[in-house]
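A.B. asks:
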Amino acid sequence: MAELNDLERLRLEKAEALRRAGMEPYPTTAKRTHTTAEAQRAFEAAPEGSPVKATVVGRLRSIRRMGKVTFSHVEDGDGRLQLYLRADDLGAEKTALFTDLFDLGDFVQASGELFRTKTGEISLHVRDFTMLAKAISPLPAGKEEVVDGERVVHAAFANPEARYRERYADLAVNPEVREVFRTRARVINAVRAFLDEHGFIEVETPILQPIYGGAAAQPFVTHHNQLHQDLYLRISFELYLKRLLVGGLERVYEIGRDFRNEGVSFKHNPEFTQLEFYMAYADYRHVMVLTEEMVAAAARQAVGTTTIEYDGHTIDLTPPWRREDLRSAILQRSGIDIAAHPSAESLRRAMLAKGHDPAESSTRGKLIESLLTHYVEPALIQPTFIYDYPRDISPLAKSKPGELGTVERFEGYAGGMELCNAFTELNDPVDQEARFAEMGRDYAADDEERHPMDEDYLRAMRYGMPPNGGFGMGIDRLTMLLTGRPTIREVILFPHLRSKE
RNA sequence: GGGCCGUUAGCUCAAUGGCAGAGCAGGUGCCUUUUAAGCACAAGGUUGAGGGUUCGACCCCCUCACGGCCCA
Numbered sequence: 079m080a081e082l083n084d085l086e087r088l089r090l091e092k093a094e095a096l097r098r099a100g101m102e103p104y105p106t107t108a109k110r111t112h113t114t115a116e117a118q119r120a121f122e123a124a125p126e127g128s129p130v131k132a133t134v135v136g137r138l139r140s141i142r143r144m145g146k147v148t149f150s151h152v153e154d155g156d157g158r159l160q161l162y163l164r165a166d167d168l169g170a171e172k173t174a175l176f177t178d179l180f181d182l183g184d185f186v187q188a189s190g191e192l193f194r195t196k197t198g199e200i201s202l203h204v205r206d207f208t209m210l211a212k213a214i215s216p217l218p219a220g221k222e223e224v225v226d227g228e229r230v231v232h233a234a235f236a237n238p239e240a241r242y243r244e245r246y247a248d249l250a251v252n253p254e255v256r257e258v259f260r261t262r263a264r265v266i267n268a269v270r271a272f273l274d275e276h277g278f279i280e281v282e283t284p285i286l287q288p289i290y291g292g293a294a295a296q297p298f299v300t301h302h303n304q305l306h307q308d309l310y311l312r313i314s315f316e317l318y319l320k321r322l323l324v325g326g327l328e329r330v331y332e333i334g335r336d337f338r339n340e341g342v343s344f345k346h347n348p349e350f351t352q353l354e355f356y357m358a359y360a361d362y363r364h365v366m367v368l369t370e371e372m373v374a375a376a377a378r379q380a381v382g383t384t385t386i387e388y389d390g391h392t393i394d395l396t397p398p399w400r401r402e403d404l405r406s407a408i409l410q411r412s413g414i415d416i417a418a419h420p421s422a423e424s425l426r427r428a429m430l431a432k433g434h435d436p437a438e439s440s441t442r443g444k445l446i447e448s449l450l451t452h453y454v455e456p457a458l459i460q461p462t463f464i465y466d467y468p469r470d471i472s473p474l475a476k477s478k479p480g481e482l483g484t485v486e487r488f489e490g491y492a493g494g495m496e497l498c499n500a501f502t503e504l505n506d507p508v509d510q511e512a513r514f515a516e517m518g519r520d521y522a523a524d525d526e527e528r529h530p531m532d533e534d535y536l537r538a539m540r541y542g543m544p545p546n547g548g549f550g551m552g553i554d555r556l557t558m559l560l561t562g563r564p565t566i567r568e569v570i571l572f573p574h575l576r577s578k579e
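Under the numbering used here, the first residue of the first sequence carries the number 79, and numbering increases by one thereafter.
#1: Mapping the DSSP letters down to three states, classify ARG256 as helix, strand or coil.
#2: DSSP three-state label for PRO582, please.
#3: Is the beta carbon of MET101 less than 9 angstroms from the beta carbon of THR177?
#4: What do you reckon, is the C-beta of ASP178 under 8 angstroms from a heavy atom of the ligand ADP?
#5: Enumerate, from N- to C-terminal direction, the unbroken alpha helix (DSSP H) stretches of 4 or more residues contained entirely within the stretch 334 to 421.
#6: Nearest CA to the CA of THR565: which residue from HIS346, TYR162 and ALA422?
#7: From what residue to what residue does the beta strand (DSSP E) around ALA492 run?
#8: Check whether the Cβ atoms of LEU168 and ALA219 lie closer than 9 angstroms to each other.
#9: If you drop the 5 nearest sequence neighbours on each side, which residues of the same chain put their C-beta closer than 6 angstroms to that of VAL324?
#10: Just how far apart, CA to CA, sit ILE141 and ALA375?
#11: Counting only runs of 3+ residues fully inside the stretch 159 to 221, write out the beta strand (DSSP E) ranges in chain order.
#12: What does DSSP give as the partner residues of PHE463 in its beta bridges?
#13: Suppose you measure from the CA of GLY341 to the CA of GLU349; what does that come to, to the nearest Å?
#14: Count the CB pairs spanning the stretch 260 to 269 and the stretch 312 to 322 that are closer than 8 angstroms, and state whether there are at least three.
#15: How big is the Cα-Cα spacing for ILE393 and ILE570?
#16: At which residues does the beta strand (DSSP E) containing GLU455 begin and terminate?
#17: Once DSSP output is grouped into helix, strand and coil, what is the label at MET543?
#18: Are three or more beta carbon pairs between the stretch 486 to 497 and the stretch 508 to 515 nearer than 8 angstroms?
#19: Tell me whether GLY548 sits in a helix, a strand or coil according to DSSP, three-state version.
#20: Taking its Cβ as the centre, do 16 or more other Cβ atoms sit within 10 Å of HIS151, making it buried, or is it exposed?
#21: Need the endpoints of the alpha helix (DSSP H) that GLU328 sits in, please.
#22: Whole-angstrom Cβ separation of LEU353 and ILE333, contact assumed at under 8 angstroms?
#23: Output the boundary residues of the alpha helix (DSSP H) element that contains TYR318.
#24: Taking 7 angstroms as the limit between beta carbons, can you name the residues of its chain near ARG143, skipping five residues before and five after?
#25: Taking Cβ to Cβ, would you say LYS131 is nearer than 9 angstroms to GLU191?
#26: Which same chain residues, not among the five before or five after PHE235, have their C-beta less than 6 angstroms away from its C-beta?
#27: What's the gap between the Cα of ALA120 and the Cα of VAL258?
#28: Take PRO288 as the anchor and find which of ARG245, PHE549, LYS578 and PRO530 has the nearest alpha-carbon.
#29: With 16 other CB atoms within 10 Å as the buried threshold, where does TYR290 fall?
#30: Looking at the secondary structure, which residues open and close the alpha helix (DSSP H) in which ARG98 lies?
#31: Quick one, are the C-beta atoms of SER485 and ALA492 less than 9 angstroms apart?
#32: Compare the beta carbon distance of PHE463 and ARG555 with 9 angstroms and say whether it is the shorter of the two.
#33: For ARG411, collect the residues of the same chain with a Cβ closer than 7 angstroms to its Cβ; drop the 5 residues on either side in sequence, then sort them by chain order.
#34: Within its chain, find whatever has a CB closer than 7 angstroms to the CB of SER448; leave out the 5 residues flanking it on each side and keep chain order.
#35: Alpha carbon to alpha carbon, how far is PHE514 from ASP470? Give it in angstroms, no decimals.
#36: Starting from VAL152 and walking both ways along the alpha helix (DSSP H), at which residues does that stretch end?
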């Protein structure tokens with residue numbers, strides 16, 4: 079066992095002492111008749127004077143010894159219940175097991191009848207108790223009080239690095255962290271239910287891919303030893319899901335992990351949870367409507383309202399969301415009219431005049447994207463769809479009729495953050511092949527934006543792909559928004575951190 | 001990648017060049033309806049790692065590791 083500190087050595091000795099006293103510190107079975115919340119409800123529902131017996135289990139979160147009586151709180155997944163132990167009831171020997179050998183953080187089981195103390199708290203008058211699992215390391219728990227009904231924690235376990243590295247301890251002592259992940263689960267359930275109700279089927283496509291694609295990102299590379307083949311961890315699901323439309327599955331979605339070998343930031347984790355759906359016979363306008371309805375449904379189901387607080391702003395997710403075309407969004411906020419600059423060189427000069435210094439090699443599309451990121455994105459607090467994007471940064475989207483350089487694409491923003499990305503999918507195999515070739519020409523071989531040619535995808539498309547609208551959204555970012563968390567690390571259970579040493 | 005800030009007891013934090021402290025947790029007592037229970041006493045440290053300056057370093061300098069915030 080690892081090096082233990084004094085506190086841990088003492089607790090290990092207490093576990094041995096329990097064993098000597100005939101109480102196994104890690105028994106095989108537990109018994110529960112009520113959760114703590116159920117016990118409280120049962121007591122309140124019972125007629126006055128009729129006894130309610132209960133056996134509850136959970137972690138000891140407080141212990142207050144007062145001579146021959148002891149008060150303690152046990153916490154389970156539902157809440158907390160106060161235990162009341164009297165030496166006169168339990169006998170000196172049994173009582174001593176609790177008062178001398180039980181510690182904060184231990185998992186215990188206690189049986190007795192419920193009553194109300196003179197301060198009004200529903201409590202369990204304990205007639206028997208046992209250890210369920212002795213905790214050796216003390217939990218990094220602060221001390222709590224209730225002020226005006228609000229729970230106030232003193233010296234709470236708050237160091238972000240320690241919390242992420244030891245998420246188990248973070249979850250154990252910070253109930254609001256547990257709530258974030260319950261909310262996250264509700265968000266995913268809500269999205270799934272919404273899409274199922276709209277006739278979509280959930281599918282699973284390869285995570286290990288021989289050719290990566292569907293997004294502009296660097297992949298992680300791995301290797302299959304037996305096959306002597308390099309494989310990529312997927313950066314998106316797009317090209318596989320659209321193959322399914324060729325196969326006649328008209329509405330498909332996948333919720334799963336994407337991997338991008340890029341920087342880590344408050345809104346980027348190397349692996350993150352993505353939702354993508356593809357809908358035959360829909361275009362980006364249909365998808366926009368579906369998107370705002372889906373996000374609103376997720377908000378209602380996950381947090382009970384479509385009006386949320388984020389970063390000091392009140393955000394109303396109720397449909398319909400504002401719609402703004404990309405050209406006016408940029409013009410209004412930067413004074414640069416991208417339509418007046420049909421070439422990369424001209425746009426670059428306009429940006430230089432505004433004090434930017436874009437890279438010489440940037441395409442016009444990349445320049446527009448940087449204007450969007452710099453001027454528009456931070457200003458989009460209320461949910462907004464920005465639509466009609468440059469073709470050269472959207473190699474899988476269909477061109478707008480009559481506007482060669484523009485594609486039918488939108489991104490959804492809220493809270494100053496990109497939430498989702500969608501387009502009318504390109505389904506013309508000749509055009510698609512030309513786009514792949516264009517990408518190869520316009521971007522250097524080592525450019526992360528480069529899309530490798532996927533011959534099999536083109537073969538699928540040549541069999542005929544129905545017109546369709548596609549959509550991708552980061553579930554983590556949606557969860558950030560709905561839980562009011564400022565960083566992606568707060569909504570991922572085990573976020574990526576560098577190893578120490 | 002750059003800038004700034006941080007890393008001290010199990011947790012939360014003090015100490016700015018001169019004996020490293022507090023609250024909580026933990027220990028020993030007292031206490032039969034408490035709830036941040038209370039009171040008393042005692043204990044707890046490789047100050048992230050390595051190097052340097054100095055009579056003397058948590059503190060100043062350098063390098064490194066990890067994290068946070070901001071910028072790219």
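In this text, a Cβ means the ideal position worked out from N, Cα and C, and glycines have one as well.
All values derive from a computational prediction rather than experimental measurement.
C.D. replies: According to the data block:
#1: Indexing the first sequence from 1 puts residue 256 at position 178. DSSP places ARG256 in helix when its eight states are reduced to three.
#2: Missing from the structure shown is residue 582; the chain here goes from 79 to 579 and no further.
#3: For the purposes of this step, residue 101 is taken as residue 23 along the first sequence, with counting starting at 1. For the purposes of this step, residue 177 is taken as residue 99 along the first sequence, with counting starting at 1. No.
#4: With respect to the ligand ADP, the structure shown offers nothing to examine, as it has no ligands at all.
#5: If one requires a minimum length of 4 residues, the alpha helix (DSSP H) runs lying completely within the stretch 334 to 421 are 362 to 381 and 404 to 412, in chain order.
#6: Residue numbering aside, residue 565 sits at position 487 when the first sequence is read from its first letter. That would be HIS346, whose Cα lies nearest to the Cα of THR565.
#7: Position 414 of the first sequence, counted from the start, is the residue given in the question as residue 492. Taken as a continuous stretch (DSSP letters only), the beta strand (DSSP E) holding ALA492 covers 481 to 492.
#8: Residue mapping note: residue 168 aligns to position 90 of the first sequence, counting from 1. Residue mapping note: residue 219 aligns to position 141 of the first sequence, counting from 1. No, Cβ-Cβ distance for LEU168 and ALA219 is not below 9 angstroms.
#9: For the purposes of this step, residue 324 is identified with residue 246 of the first sequence, where counting begins at 1. Answer for VAL324: ALA538, TYR541 and MET543, listed in chain order.
#10: Within the first sequence, residue 141 is the residue found at index 63, counting from 1. Within the first sequence, residue 375 is the residue found at index 297, counting from 1. For the pair ILE141 and ALA375, the Cα-to-Cα distance works out to about 43 angstroms.
#11: 185 to 194 and 200 to 211
#12: Indexing the first sequence from 1 puts residue 463 at position 385. Its beta-bridge partners are ARG401 and GLY490.
#13: Numbered from 1 along the first sequence, position 263 holds the residue referred to as residue 341. Numbered from 1 along the first sequence, position 271 holds the residue referred to as residue 349. Cα-Cα distance, rounded: 11 angstroms.
#14: no
#15: Translated into positions along the first sequence, residue 393 becomes position 315. Translated into positions along the first sequence, residue 570 becomes position 492. Between ILE393 and ILE570, the C-alpha separation is close to 23 angstroms.
#16: Looking up residue 455 in the first sequence gives position 377. Looking at the DSSP string, GLU455 is not in any beta strand (DSSP E), and its letter there is neither H nor E.
#17: Residue numbering aside, residue 543 sits at position 465 when the first sequence is read from its first letter. Coil, per DSSP.
#18: Look at the beta carbons and you see the stretch 486 to 497 not touching the stretch 508 to 515: under three pairs across the two are nearer than 8 angstroms.
#19: Indexing the first sequence from 1 puts residue 548 at position 470. Secondary structure of GLY548 (DSSP, three-state): strand.
#20: Stepping through the first sequence from its first residue, residue 151 is reached at position 73. Counting Cβ neighbours within 10 Å, HIS151 comes out buried, since at least 16 surround it.
#21: Residue numbering aside, residue 328 sits at position 250 when the first sequence is read from its first letter. Secondary structure note for GLU328: it is in no alpha helix (DSSP H), with a DSSP letter that is neither H nor E.
#22: Your numbering for residue 353 matches position 275 in the first sequence. Your numbering for residue 333 matches position 255 in the first sequence. The Cβ separation is near 5 angstroms, so the contact holds.
#23: Position 240 of the first sequence, counted from the start, is the residue given in the question as residue 318. That run of the alpha helix (DSSP H) goes 316 to 324.
#24: Position 65 of the first sequence, counted from the first residue, corresponds to residue 143. Close CB contacts of ARG143 within its chain, under the 7 angstroms cut and outside five residues either way in sequence, are with THR177 (chain order).
#25: Along the first sequence, read from residue 1 onward, the residue named residue 131 stands at position 53. Along the first sequence, read from residue 1 onward, the residue named residue 191 stands at position 113. For LYS131 and GLU191, yes; Cβs fall inside 9 angstroms.
#26: As a working mapping, residue 235 is identified with position 157 in the first sequence. The residues are PRO218 and VAL251.
#27: Working through the first sequence from its first residue, we reach residue 120 at position 42. Working through the first sequence from its first residue, we reach residue 258 at position 180. When rounded, the distance between both Cα atoms is 28 angstroms.
#28: Residue 288 sits at position 210 when you count from the first residue of the first sequence. When only C-alpha atoms are compared, the closest one is PRO530.
#29: Locating residue 290 in the first sequence gives position 212, counting from the first residue. The residue in question, TYR290, is buried, as its Cβ has 16 or more Cβ neighbours within 10 Å.
#30: Translated into the one-based positions of the first sequence, residue 98 becomes position 20. Start and end: 84 to 98.
#31: Translated into positions along the first sequence, residue 485 becomes position 407. Translated into positions along the first sequence, residue 492 becomes position 414. Per the sequence shown, residue 485 should be read as Val rather than Ser. Cβ distance not < 9 angstroms, so VAL485 and ALA492 don't count as in contact.
#32: Numbered from 1 along the first sequence, position 385 holds the residue referred to as residue 463. Numbered from 1 along the first sequence, position 477 holds the residue referred to as residue 555. Not closer than 9 angstroms, so no.
#33: Residue numbering aside, residue 411 sits at position 333 when the first sequence is read from its first letter. Closer than 7 angstroms at the Cβ level, and outside the excluded window around ARG411, lie TYR453, VAL454 and ALA457.
#34: By 1-based counting over the first sequence, the position of residue 448 is 370. Within the same chain, SER448 has close Cβ partners PRO436.
#35: On the first sequence, position 392 is the one that residue 470 refers to. On the first sequence, position 436 is the one that residue 514 refers to. Computed Cα separation, rounded: 10 angstroms.
#36: On the first sequence, position 74 is the one that residue 152 refers to. VAL152 -> not in any alpha helix (DSSP H); beta strand (DSSP E) instead, spanning 147 to 153.
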